[in-house]
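Engineer:
Protein chains in written order, with my numbering: chain R, 895 to 1373; chain F, 14 to 297; chain B, 46 to 354; chain D, 1396 to 1757.
1) For the beta strand (DSSP E) holding residue 1485 (chain D), just list the boundary residues, first then last.
2) Run through DSSP, which three-state label would residue 1613 (chain D) get?
3) With a cut-off of 8 Å on the beta carbons, I'd call residue 277 (chain B) and residue 174 (chain F) a contact; round off their distance for me.
4) Against chain E, which members of the segment 149-181 of chain F pass a CB distance test of less than 8 Å?
5) Do we get a CB-CB distance below 8 Å when we pair residue 45 (chain F) with the residues of chain R?
6) Among D:1547, D:1423, D:1614, D:1451, whose alpha-carbon lies nearest the alpha-carbon of residue 1410 (chain D)?
7) Quick one: which unbroken alpha helix (DSSP H) runs of 4-plus residues sit fully inside the segment 23-54 of chain F? Chain order, please.
8) Am I right that residue 1095 (chain R) and residue 1012 (chain R) are in contact with their C-beta atoms under 8 Å? What's the rounded C-beta distance?
9) Give me the chain D residues within the contact set of residue 190 (chain F), using Cβ-Cβ distance strictly less than 7 Å, ordered along the chain.
10) Just checking: is the beta-carbon of residue 347 (chain B) within a distance shorter than 8 Å of some beta-carbon in chain F?
11) Can residue 1317 (chain R) and residue 1247 (chain R) be called in contact, C-beta distance under 8 Å?
12) Scan the segment 114-139 of chain F for residues whose Cβ lies nearer than 8 Å to a Cβ of chain D and list them as they occur along the chain.
13) Pick from R:1108, R:904, R:1051: whose alpha carbon is nearest that of residue 1239 (chain R)?
14) Does the contact criterion of 3 or more C-beta pairs under 8 Å hold for the segment 109-121 of chain B versus the segment 191-205 of chain B?
15) For residue 1022 (chain R), count neighbouring Cβ atoms within 10 angstroms of its own Cβ and tell me buried if that reaches 16, exposed if not.
16) With distance defined between alpha-carbon atoms, name the residue in R:965, R:987, R:1124, R:1342 nearest to residue 956 (chain R).
17) Would the segment 274-286 of chain F and the segment 177-197 of chain F be scored as touching if the rule is three or more Cβ pairs under 8 Å?
18) Show which residues of chain B have a CB atom less than 9 Å away from the CB atom of residue 1400 (chain R).
19) Report buried or exposed for residue 1050 (chain R), applying the criterion of at least 16 other Cβ atoms within 10 angstroms of its Cβ.
20) By the three-class DSSP mapping on this structure, what secondary structure does residue 290 (chain B) have?
21) Who are residue 1635 (chain D)'s beta bridge partners in DSSP?
22) If we count the other Cβ atoms within 10 Å of its Cβ and call it buried at 16 or more, is residue 1361 (chain D) buried or exposed?
23) Does DSSP classify residue 1566 (chain D) as helix, strand or coil?
24) With the cut-off set at 8 Å, would you say residue 142 (chain B) and residue 231 (chain B) are in Cβ contact?
25) Determine the direct distance from the alpha carbon of residue 1407 (chain D) to that of residue 1667 (chain D), and round the result to whole angstroms.
26) If we count the other Cβ atoms within 10 Å of its Cβ and call it buried at 16 or more, is residue 1375 (chain R) buried or exposed?
27) Could you name each continuous alpha helix (DSSP H) segment of 4 residues or more that falls completely within the segment 172-259 of chain F, going from the start of the chain to the end?
28) Counting only C-beta atoms, is residue 1678 (chain D) closer than 8 Å to chain F at any point?
29) Three-state secondary structure (DSSP) at residue 284 (chain B)?
30) With a threshold of 8 Å between beta carbons, is residue 1508 (chain D) in contact with chain F?
31) So, using beta-carbon positions, are residue 1125 (chain R) and residue 1185 (chain R) closer together than 8 Å?
32) Going straight from the alpha carbon of residue 1412 (chain D) to that of residue 284 (chain F), what length do you get?
33) Would you report the Cα separation of residue 168 (chain F) and residue 267 (chain F), rounded to the nearest angstrom?
34) Under 8 Å, do residue 174 (chain B) and residue 1028 (chain R) count as touching if we go by C-beta distance?
35) Can you name the residues that DSSP bridges to residue 81 (chain B)?
36) What residues in the segment 1021-1035 of chain R bring their beta carbon closer than 8 Å to a beta carbon of chain B?
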């Protein structure tokens, strides 16, 4: 077979004897597709990671087990997994669970101190429970140790805001990534929240893309009022933290509002400030006039479905949600992505982020091997592979965003996507105040929004009630 | 005469309503299973679409096509898990529960009612109450991620149901029939085996079927107490909601497939169900 | 009367008195033991309920006796939960019982149509509630939902289903009814067909009005079956989770925060094991009490039914 | 010693004492009828002997051995239940064959014996029917056949003719003794029909208040009951009972007032003078005539009922004492309408004297 030929070509490429385009053409000649070429390339590229110092073969023949969530990012990783296996000689098995039940599985697996999983996918928010619960490992000890971390791992290549967002010293209210922060997880792929809109619909109605929140509210209302069956803007509304963290918190932060403030070492709810109340009024008004009819049951997939099926003109949600709706749907090709600064007086968007990260179980018996995996998975080579050859849509490494293939691919079929990213990434981070009660207060918050939406309680009163309730809960646990 | 006719008409009308209410959603799901996600996500929903079997192909072949290539699907494995787990759970419950039910129905013995009630009370120990500790212990005794462990836990669902339903049918059988059999010279065991159980069979069938269905539908135990190798269909179906979108067509198809085994079982048991329990109700 | 007694010491035999005495235990204990095994965790959970135990605050874990229960009792949200749960249970069991009984009566006569229907009716039961809820959520979606569409054809615009505090309870009860009524139907149908024919034939001959026959003969004879069916439905309804959580996650607001939803959130999302355990223990106590009442009547009825013979 | 012995068996349900230290002895091949009012515990007695019910006290002995530690299946006792208790899911043949199967007899023997007994009971044409397809009479015969087929050492029949129509009852009454003889079983037969008891029993045990009032041959039970209660249980029309107080008259003969008439009681009552007792006279021992008779009681004819072979007449004495009399059917009374006067004459040699207080026969 032509495997020798392939090797030679790739070698040639790495010694810059030939360019990438030429490589791909010549590979094609000997019957190797672009994706396969990508994989082979990565195999070689991985060697640079491997060359970086640590003895990656240390655990040859051993095996590690991962707990993963069914997700395109995972699919991207799995496609490239053999490269890790051949690099380390480790055998990797993994359990995949549907997102709907994934975190239940993680919670119970960790709570029972089981050693069956070495590393697992998680969001940053969840680590605010796992960390203090001493269920996951502070990864600084590995990152900073040249014996186990390759020189070419280039930790600082990972976007600053994201690195910080996964790091916390465990004290409620202290700054993410601040001094003494523990690196509870390593960012891998993420999503930031901006506007995606349907140019066909906005075109039909002769509406320009929204400039800021007040503008969005009016335009959304206008779309809904058009009575063409579609509505203005899709945002989540289910009774859970998922409703708070995308568009809502991004806009909230853009107005300079905070969820909590620290007073005398104690957290104090800050949702009931005057400004916050104004903001809430706007938000509720937006949903009531321009939002989905069943908003209180809307989860991410309803938001996505509506955009893809042309039932909503815009969404203010995760950028990758809009990304995936732009292929294989009714409105495929009609979607445009827009950086969105909600506050008219703000010059830049401030998207809150969801970060799919990799964390290590405290109860793992193969911690170092697990680190090898995390290192490889979040390393430049694998992220590049995922971004170029699969759907690792929002890779966490600045360098990957500069890879031309990735850029051209995005530009080609996802107009504005790259731009909205570049305009936002600088200010993209978690805008929540880190603390153990994150799920509690976000759930209460969402529930309160639902009551305001249903006009069961006026916004001002509702927020005071919410703040008071949270105050009590915080006191109970003494943070 | 015309009164009888009227009654028949009304009866038919009511039946129609009932059938519509209970079967329309199933019918709709069946339609969805032959549609692409695009066809399903139309406003307003409509009946006109070009049927596709791609959803079924994906499930059965174990490969689903996406914009970035083919991804593996473990649905059939999930289906097998569900079938195997539920069948074993019900079998175990029958072996354990029928004799117990017989004891409660036939003998008055100290603590009898208490034991019976305790057994029932297991039914209302809410799963999430026992899940965490259960996982701890299962790991210690090596039952974590084993079929045996799950079948055991499933007894919480199936055993009380079978026990209490079957008990009722046993009690409806006149003891004299069994006395007569004993006097013919048969042991208590034979009289249970040859008289009580055959006469209660319709009840046992009904209870067994229901227990099977409940076992089939529960997934929280498997989720927490097992790896992805032992997950039931429910979890399998949920796997088609991912960040890249929710595959309603595939979920619908998976739902249709997941109903088939139970339906077959139901059709089989039907013989006993509609046979009526007139045999069972031989009173002294 | 005599018959019951005889039934109870039936097959009395003193060969090895010990064996005779042991027999019923020998028959019932395996079942008991198997369950007891699983119930060890149950005890552990009770211990949890007496602790301040939040995974996220490992250092503050401590034994606080009934602290969790006290703080529950002080929390209006808890009492709301109690009310909603009972409301949900009452509604579902009530509706499903009436509906199930009605359908069973419709299908009582044996002919191929009824037989076919009685099998098909089990279908909803075969759909895992979680998935069923997912499908209903789609069918009630304002844009893609066929039900929303049909309702709008019927002139009701923008019916909000699970999204409005006013219709949320209705919606989940509707789904629950769709899923679980067949359960009751099966049991009652079996029961109906198990009834001895004589009294009915007699009534037929004497030309007794149907309503009278139903209320004075059918219903009383059917009561044990009705009790069994509603007992199990009650147990499940009290503990309903899948449907409510998948449809509304307990919302809108706190409209549907039933026990299991709260307990689930406390345990899985808030990692507050102690409080969750306490909640579930209360739930357990309530179901225990309710079912005790059921069983008592059940046994009484059985005794009477057999005394009659 | 007797083949079947019941020794001081007691059984009570809750408060209700049903059997109170009752004993009975039945010889091999003998047929004892257990007779008593309904609810007197007859069935319970059989169940205790069968071993499907445990006595509170007392023992059952069969063939000289206590069977208290022997299960029902091993006591060699067969029983035909009042409600037949046939196995609904087996056809008549299998029902009957059951005891033989229990003894795992060869198939051909089973066939042959089942058909034999079925033929004897004239149900051989319905052997392939399920119980629900059988008429009551056939059900009854099937259950009887089942209890007889393996020639049980003790056969117990629990009011087997209760649920069958008059005709079959009559036939069976004639048929059963033949069957019993044929199988030479020890039979315990429960009934509340005294004619059945008299017709079938070698001896009759009268069960009352949890014990046997009297166990005796039919003739003895009828002719010389131990007390008035036994006496009044047997006989239709029932025995006449006159409270009397015999007095020794001047002539030394003992007299008593019956129906306001001074009647000479004859030598048998000699030592009864001066004590309250009850005179029991079976209707057939009362002769009625229109002509004055020695020692006759003046009565008027209140009612005449032709009662199959005999005519029963109700007579009223002047003091309103009612006397039942029966006599062979004849037409002489057919015309007797209206309150015809006449004379009743009691055959005192056959009359019974009971103690008024205890009711015991004197």
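In this text, a Cβ means the ideal position worked out from N, Cα and C, and glycines have one as well.
Structural biologist: Reading it off the structure:
1) Numbered from 1 along the fourth chain, position 90 holds the residue referred to as residue 1485 (chain D). Counting along the chain, residue 1485 (chain D) falls outside any beta strand (DSSP E), and DSSP gives it neither H nor E.
2) Position 218 of the fourth chain, counting from 1, holds the residue named residue 1613 (chain D). Of the three classes helix, strand and coil, the one that applies to residue 1613 (chain D) here is helix, per DSSP.
3) What you label residue 277 (chain B) is simply residue 232 of the third chain in a count that begins at 1. What you label residue 174 (chain F) is simply residue 161 of the second chain in a count that begins at 1. That pair is a contact at about 7 Å.
4) In the structure shown, chain E does not exist; the protein chains are R, F, B and D.
5) Here residue 45 (chain F) refers to the residue found at position 32 when the second chain is read from its first residue. No, because no Cβ of chain R sits closer than 8 Å to the Cβ of residue 45 (chain F).
6) Here residue 1410 (chain D) refers to the residue found at position 15 when the fourth chain is read from its first residue. Comparing Cα-Cα distances from residue 1410 (chain D) to each of D:1547, D:1423, D:1614, D:1451, the minimum goes to D:1451.
7) 50-53
8) As a first step, residue 1095 (chain R) is located in the first chain; it is residue number 201 there, counting from the start. As a first step, residue 1012 (chain R) is located in the first chain; it is residue number 118 there, counting from the start. Their Cβ separation, rounded to whole angstroms, is 47 Å, which puts residue 1095 (chain R) and residue 1012 (chain R) out of contact at 8 Å.
9) Position 177 of the second chain, counted from the first residue, corresponds to residue 190 (chain F). In chain order: 1480, 1482.
10) Here residue 347 (chain B) refers to the residue found at position 302 of the third chain. For residue 347 (chain B), the answer is yes, since a Cβ of chain F falls inside 8 Å of its Cβ.
11) For the purposes of this step, residue 1317 (chain R) is identified with residue 423 of the first chain, where counting begins at 1. For the purposes of this step, residue 1247 (chain R) is identified with residue 353 of the first chain, where counting begins at 1. No. Outside cutoff.
12) none
13) Here residue 1239 (chain R) is taken as the residue at index 345 of the first chain, counted from 1. Answer by Cα proximity: R:1108.
14) no
15) For the purposes of this step, residue 1022 (chain R) is taken as the residue at position 128 of the first chain. Answer is buried; the Cβ neighbour count reaches 16.
16) Here residue 956 (chain R) is taken as the residue at index 62 of the first chain, counted from 1. It is R:987.
17) no
18) Past the edges of chain R, shown from 895 to 1373, lies residue 1400 (chain R), and the structure says nothing about it.
19) Within the first chain, numbered from 1, the residue matching residue 1050 (chain R) stands at position 156. So residue 1050 (chain R) ends up on the exposed side.
20) Position 245 of the third chain holds residue 290 (chain B). Note: residue 290 (chain B) maps to helix in three-state DSSP.
21) By one-based count along the fourth chain, residue 1635 (chain D) stands at place 240. DSSP output for residue 1635 (chain D) lists D:1676 as bridge partner(s).
22) This structure gives no information on residue 1361 (chain D), because the portion of chain D shown stretches from 1396 to 1757.
23) In the fourth chain, residue 1566 (chain D) corresponds to position 171, counting from 1. In this structure, residue 1566 (chain D) counts as helix in the three-state DSSP scheme.
24) Counted from its first residue, the third chain places residue 142 (chain B) at position 97. Counted from its first residue, the third chain places residue 231 (chain B) at position 186. Contact: no.
25) Locating residue 1667 (chain D) in the fourth chain gives position 272, where the first residue counts as 1. Locating residue 1407 (chain D) in the fourth chain gives position 12, where the first residue counts as 1. If I take the Cα positions, the gap works out to 40 Å.
26) Shown here, chain R extends from 895 to 1373; a query on residue 1375 (chain R) therefore has no answer.
27) 188-196, 210-230, 233-238, 246-251
28) On the fourth chain, position 283 is the one that residue 1678 (chain D) refers to. Not closer than 8 Å to any Cβ of chain F, the Cβ of residue 1678 (chain D) fails to qualify, so no.
29) Indexing the third chain from 1 puts residue 284 (chain B) at position 239. Coil, per DSSP.
30) Locating residue 1508 (chain D) in the fourth chain gives position 113, where the first residue counts as 1. No, residue 1508 (chain D) lies away from the interface with chain F (no Cβ there is under 8 Å from its Cβ).
31) Indexing the first chain from 1 puts residue 1125 (chain R) at position 231. Indexing the first chain from 1 puts residue 1185 (chain R) at position 291. Closer than 8 Å, so yes.
32) Counting from one through the fourth chain, the residue named residue 1412 (chain D) turns up at place 17. Counting from one through the second chain, the residue named residue 284 (chain F) turns up at place 271. Rounded to whole angstroms, residue 1412 (chain D) to residue 284 (chain F) spans 47 Å at the Cα level.
33) Locating residue 168 (chain F) in the second chain gives position 155, where the first residue counts as 1. Locating residue 267 (chain F) in the second chain gives position 254, where the first residue counts as 1. The alpha-carbon atoms of residue 168 (chain F) and residue 267 (chain F) are separated by roughly 26 Å.
34) Residue mapping note: residue 174 (chain B) aligns to position 129 of the third chain, counting from 1. Residue mapping note: residue 1028 (chain R) aligns to position 134 of the first chain, counting from 1. For residue 174 (chain B) and residue 1028 (chain R), no; Cβs fall outside 8 Å.
35) For the purposes of this step, residue 81 (chain B) is taken as residue 36 along the third chain, with counting starting at 1. Per DSSP, none; premise fails for residue 81 (chain B).
36) 1022, 1023, 1026, 1027, 1028, 1029
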